[in-house]
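Here the sequence shown stands for residues 942 to 1551, where the numbers follow this note's numbering. Note that the Cβ used here is the ideal one computed from N, Cα and C, for glycine as well. Remarks on the structure that follows.
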Amino acid sequence: MCGIIAYIGKPDKTLHVLIEGLKRLEYRGYDSAGIAVLGSSGVRIVKSEGKLLNLLSRLEGVSLSGSSGLGHTRWATHGVPSERNAHPHVSGKTVVVHNGIIENYQELKDELKRKGYHFNSDTDTEVIAHLIEDFSLKGFSLEESVRKAFKLLEGTYAVAVISEREPDKVVGIRKFLPLILAIGDGEVFLASDIPAVLPFTRNVVLLEDGDIAILEKNRFRITDSEGREVKRDIFPIDWDPITVEKGGYKHFMLKEIHEQPQAVLDTIRGRVFLEEGRVFFKGVEDSWVADVNRIVAIGCGTSYHACLVGRYMIEKLSRIPVDVDLASEFRYREPVVDEKTLVIAVSQSGETADTSYALLEAKRRGAKTLAITNVFGSKIARESDVVIYTHAGPEIGVASTKSFTTQLVVFYLLSLFLGISRNRLTDAYSLQLIKDILALPQLLQHVLRLDSEISVLAGEFYKYKNFIYLGRGLNYPIALEGALKLKEVSYIHAEGYAAGEMKHGPIALIDEKMPVVVVAPQDELLYRKLVGNIQEVKTRKGRVILLTSKGSVNEFYGWVDRFVEIPKTPYLLSPLISVVPLQLLAYYIASYRGTDIDQPRNLAKVVTVE
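Below, the structure written as structure tokens:
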């Protein structure tokens, strides 16, 4: 959602830090942007609707200098996208940027109006600025004004504040939504995410819910909501800043698709022991899962699709029954879980609001909890009993690619761990499964050689307005994910279906204007079933793009319009190979259509509101 960057330090560096930080937060999704710089002559604010380029054009020829400042990218919740609704917002000498939703803003707004405060925007954020200003006018310090104001607010938020009354301070507060603190040489930062500060420092403090951070040039303090100082550890971040650059690729999405072999290798590294035939996860002991008799996997969007694949893997290797739920549905249906239920929460960012709330509901009902996430110290990671990090590295493109494949790798390894722990697998089978996953990075390198071929294929199909994706078994969720990727980045309507369900509705849509992408890597049973589905599509003049294993195409001549051949892969790993050509197809169709691939309209990388 919204992105926040705040800085206090060197006057000649403030504007540069704010702009570079906002550039690295663009992936979060936004519709407007703004900055505020506090110097000797007061606060200067520049805002614009639309992309960051619009803000940069406004800043051309403008001289801004000051030792502190705020930057913000807004994703509209209250009030339409516009310059007047863009952040920062001001009340008197108080300047605020905010990510989140203030649930009781209307009653607070009415009360502030009765006090004589005037509102210049339609946002809930302006309430925060007026409240802090109101307490400041009563003689309270900036820190105390922030503390008192936030005791009146209901909702979820991350906020950064500066004031002309105390130009040597920046104050930040976090409630549920992400906010990190970073320490440089004579400078301190606040940001919504780590990539924003990577060009300047790698020393990061992960703020916790209720923390209030008080920043000065050479130091910082963190207190709780009552003003008691709390200690938070400083963590060195080992990400290379180059990982948040495009590195010669036209878009982050394409770069991240091609990073998948390395990302998968990083996910496997240190967790698989071939000689011993075992899998190791820190914090996951045999005794901890010994009494688990049911697993519930929850996620949203792409992470939900990873859960669907994970169900097949876990049930196949461990024989533990698995339910999969959309996180946004799980928490509202009085889920039946107990102390023998393991709830697995999957989120790339670890900050997804629906997933976090669902996780807390599972904990409240006594379930064991495990998080699969990419972001160290994220909310979901801290709330879970155990966390397994995917180690995918920064993913900047809004459409998830390498985070999905690394989530699948974690599910595969977890399934193997559970199968071994429960003596469901022979030593020989376990050893073969480990050998298979160790060969995966090389198979991914091989499938990425299809890049130019799929670019040509996209050039043939990018003008179609609707697509259907079909898959069976493990690759049914891959059909869902392929359709989602196409929708996200190309704005083409696409739907994924279990191929066996085609007769129950989707077949009515098939005609010469409907391309059908069939995901059919060869396996013992379901492959033959898909042959029948393809014949049904062609009988109704649909155009078929078949994704299948090498050596299988001869069986389909006359029935298929276009083939994409992928390497033969062990069945349990086939989703990791099948999904890559679908990611590339979505990318190149979007490229031909000229959409904003890394920042698709109306989407955000981190969905921190319900």
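Proximity of residue i and residue j at Cβ, strictly below 8 Å
i     : j     : result
S1344 : Q1289 : yes
A1424 : Y1533 : no
V1036 : V984  : yes
E1419 : L1523 : Here the sequence assigns Ile to residue 1419, which means Glu is not the residue at that position. Against a cut-off of 8 Å, the Cβ pair of L1523 and I1419 comes out as a contact.
V1278 : L1300 : no
V1145 : I1135 : yes
Q1348 : A1247 : yes
I1121 : L1147 : yes
K1491 : P1516 : no
S1325 : A1369 : no
D972  : P1022 : yes
L1206 : L1357 : no
L1131 : L1093 : no
I1073 : S1082 : no
S1371 : G1218 : yes
I1518 : L1379 : no
L979  : E1128 : no
V1112 : E1067 : no
Y1432 : T1536 : yes
R1088 : S981  : no
K1359 : V1230 : With the sequence shown as reference, residue 1359 is identified as Leu, and Lys is not the correct amino acid for it. Yes, they are a contact pair.
V1038 : A1123 : no
Contact set for residue i: own chain, Cβ-Cβ below 7 Å, skip 5 residues either direction
i     : result
F1214 : F1221
K1426 : A1340, L1523, Q1524 and A1527
Y1403 : I1530, Y1533 and R1534
R999  : V987 and S989
Distance, residue j Cα to residue i Cα
i     : j     : result
L1525 : L1195 : 8 Å
I1069 : V1171 : 24 Å
G1412 : S1297 : 30 Å
V1457 : I1261 : 34 Å
N995  : V1397 : 34 Å
P1541 : A1461 : 29 Å
V1327 : E1292 : 16 Å
H1071 : S1032 : 5 Å
G1561 : D1502 : Lying before the first or after the last residue shown, residue 1561 is absent from the chain, which here runs from 942 to 1551.
Q1383 : P1202 : 7 Å
V1138 : F1317 : 15 Å
I976  : L956  : 8 Å
A1435 : I1255 : 29 Å
Y1253 : I1409 : 23 Å
D1150 : K1116 : 5 Å
S1351 : R1162 : The residue asked about is misnamed: residue 1351 is Val in this sequence, not Ser. In a straight line, the C-alpha of V1351 is about 37 Å away from that of R1162.
T1243 : T1331 : 14 Å
K1238 : L1415 : The displayed chain sequence assigns Ala, not Lys, to residue 1238. Their backbone Cα atoms lie some 16 Å apart in a straight line.
K1079 : E1052 : 17 Å
I1329 : K1223 : 8 Å
T1018 : A1204 : 34 Å
I1212 : Y1353 : A quick correction: the sequence has Arg, not Ile, at residue 1212. Going from the Cα of R1212 to the Cα of Y1353 covers about 12 Å.
L1374 : S1362 : 15 Å
I1103 : L1011 : 8 Å
V1263 : G1251 : 9 Å
P1276 : N1474 : 36 Å
Whole-number beta carbon distance between residue j and residue i, since they are thought to touch under 8 Å
i     : j     : result
A1312 : V1430 : Actually they do not touch by this definition, with Cβ atoms about 27 Å apart.
E967  : L993  : 6 Å
A1099 : N1026 : Not quite, the Cβ-Cβ distance comes to about 18 Å (not below 8 Å), so this is no contact.
K1158 : G950  : 6 Å
E1422 : V1520 : 6 Å
D1539 : G1334 : That pair is no contact at about 16 Å.
P1119 : R1143 : The pair is not a contact, with the Cβ atoms about 18 Å apart (cut-off 8 Å).
N1234 : K1281 : 5 Å
G944  : L959  : Wrong, their Cβ atoms sit about 11 Å apart, outside the cutoff.
G1483 : M1455 : 5 Å
I1560 : G1096 : Outside the shown range of the chain (942 to 1551) lies residue 1560, about which nothing can therefore be said.
I1451 : V1478 : 6 Å
Neighbourhood of residue i by C-beta, 8 Å cutoff - its chain only, sequence neighbours within 5 removed
i     : result
S882  : In the structure as shown, the chain begins at 942 and stops at 1551. Residue 882 is therefore absent and cannot be evaluated.
K1428 : H1434 and A1435
Sequence-distant residues of its chain with Cβ nearer than 6 Å to residue i (five each side left out)
i     : result
Y1190 : K1196
P1511 : D1377
F1141 : G1125
E1200 : K1343
E1302 : R1272
Y1405 : P1456
Notebook entry, point to check: Counting Cβ pairs, one atom from each stretch, are 3 or more of them under 8 Å apart for the stretch 1040-1057 and the stretch 995-1010?
Noted result: no
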